[in-house]
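Comments concern the structure below.
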């Protein structure tokens, strides 16, 4: 059978039969894997992809994940006892759970992204986990300037932009420092992951586009990489099964098809039958407005996420595309779903039977 991305995988038999089937077909030892954060789009896709490879799979998150063939365990990274129970009996971990956002007290991000990761690493080591995949973000190395064909630069918690990026940078550095012969650790940094079921990027874009509140900054000319969700999930499996010389390092994962921001937004809007944004605002104006909006929203937490921040303005107006050669070689992975095929799949999801308006 094939995964949603087209990568060849094996159906997942149960128990000892799964171990024997995987080991007979590949040079990979069947693992007992914990996937954290499987209630999110990428987490669900990753848990499904790991299970499809024949690994015994357990998910751990606050709400239900509901991934077929995956044991569902609920709990929080801030609960040490729940973390220990979740990792008990596991031989590998793929850690996606995180607090994501652009505003809010940094202490809340730190409690989950830093302290929660520390607790999970400690519990994993105590449980005898052999492989730990830390899911990070290219934002951990972004310091405000354009990224043009770079690889995975060093995480920089001092200069990373915003509470999410700073705390993920600190967590990545700590995780990689834990790499040892007893427990191998590597970090994967997927960039702008999107696809069917996306409640963050796609939903945010479409919501604003429907209301006519999705401007292009500097005409949307900035060249950016993004990642279709099935490709990102396959990369997580490749990281889990990575050869010995790949561990102890960080890898950026994208589709490897950089496009102007306006084209990426247009593809999502067309998939949903929503008017494509055409009006433009100077990036400098958006950054200035973002600072004012941040201050207003900080005083009124009940308003939720602000419509613009300095960080968002920066992300939409600076180039972000990466050299994938090192990732492809080290992880023995290449994306199988093109952006255009991803847009077609998104359209089928959004316009199919039972689709939301």
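Residue numbers (the UniProt record's numbering): 1 to 357.
Glycine included, C-beta positions come from ideal geometry on N, C-alpha and C.
Only exposed fits residue 158, as fewer than 16 other CB atoms lie within 10 angstroms of its CB. A check of alpha carbon separations from residue 323 across 278, 225, 272, 44 identifies 225 as the nearest.
The residues 227, 232, 253, in chain order, have a CB closer than 6 angstroms to that of residue 190 in the same chain once the five nearest residues on each side in sequence are set aside.
Excluding its 5 nearest sequence neighbours in each direction, residue 270 has C-beta neighbours in its own chain below 8 angstroms: 276, 343, 347, listed in chain order. According to DSSP, residue 56 shares a beta bridge with 32. Around the C-beta of residue 335, 16 or more other C-beta atoms lie within 10 Å, and the residue is accordingly described as buried. Cβ neighbours of residue 119 within its own chain (closer than 6 angstroms, five residues either side excluded): 80, 83. Shown here for residue 127: same chain residues with a beta carbon closer than 8 angstroms to its own, the five before and five after excluded, namely 84, 87, 88, 89, 90 in chain order. Residue 200 has no beta-bridge partner at all, per DSSP. Each residue's CA atom was taken as its position, placing residue 184 and residue 36 some 17 angstroms apart.
In the three-state DSSP reduction, residue 117 falls in the helix class (H, G or I).
In terms of Cα proximity to residue 208, the closest of 60, 62, 197, 305 is 305.
Shortest Cα-Cα distance from residue 31 to any of 53, 109, 167 involves 53. One Cα belongs to residue 340, the other to residue 204, and the distance between them is close to 20 angstroms. For residue 163, the enclosing alpha helix (DSSP H) has its first and last residue at 162-177. The shortest C-alpha to C-alpha distance from residue 279 to any of 292, 265, 273 is the one to 265. In the DSSP secondary-structure assignment, residue 61 is bridged to 74. In this chain, the alpha helix (DSSP H) harbouring residue 349 covers 339-351.
Cβ contact annotation for residue 242 (same chain, cutoff 6 angstroms, sequence separation greater than five): 331, in chain order.
Counted as a single uninterrupted DSSP element, the alpha helix (DSSP H) harbouring residue 272 occupies residues 261-272. Residue 189 is bridged by DSSP to 252. The alpha-carbon of residue 200 is positioned some 15 angstroms away from that of residue 210. Contact between the stretch 58-70 and the stretch 37-49 is present: 3 or more CB-CB pairs across the two stretches fall below 8 angstroms. DSSP places residue 336 outside both helix and strand once states are collapsed to three, so it counts as coil. Counting C-beta pairs closer than 8 angstroms gives three or more between the stretch 107-116 and the stretch 163-175, which meets the contact rule. Take residue 212, set aside five residues on each side of it, and the residues of its chain with a beta-carbon closer than 8 angstroms to its own are 275, in chain order. Under the DSSP definition of a beta bridge, residue 194 partners with 228. Here residue 140 is near residue 155, since their CB atoms are less than 9 angstroms apart.
Nearest C-alpha to residue 349 among 327, 268, 315: 268. Under DSSP, residue 142 takes part in no beta bridge, so it has no partner. Annotated three-state conformation of residue 296 is helix, per DSSP.
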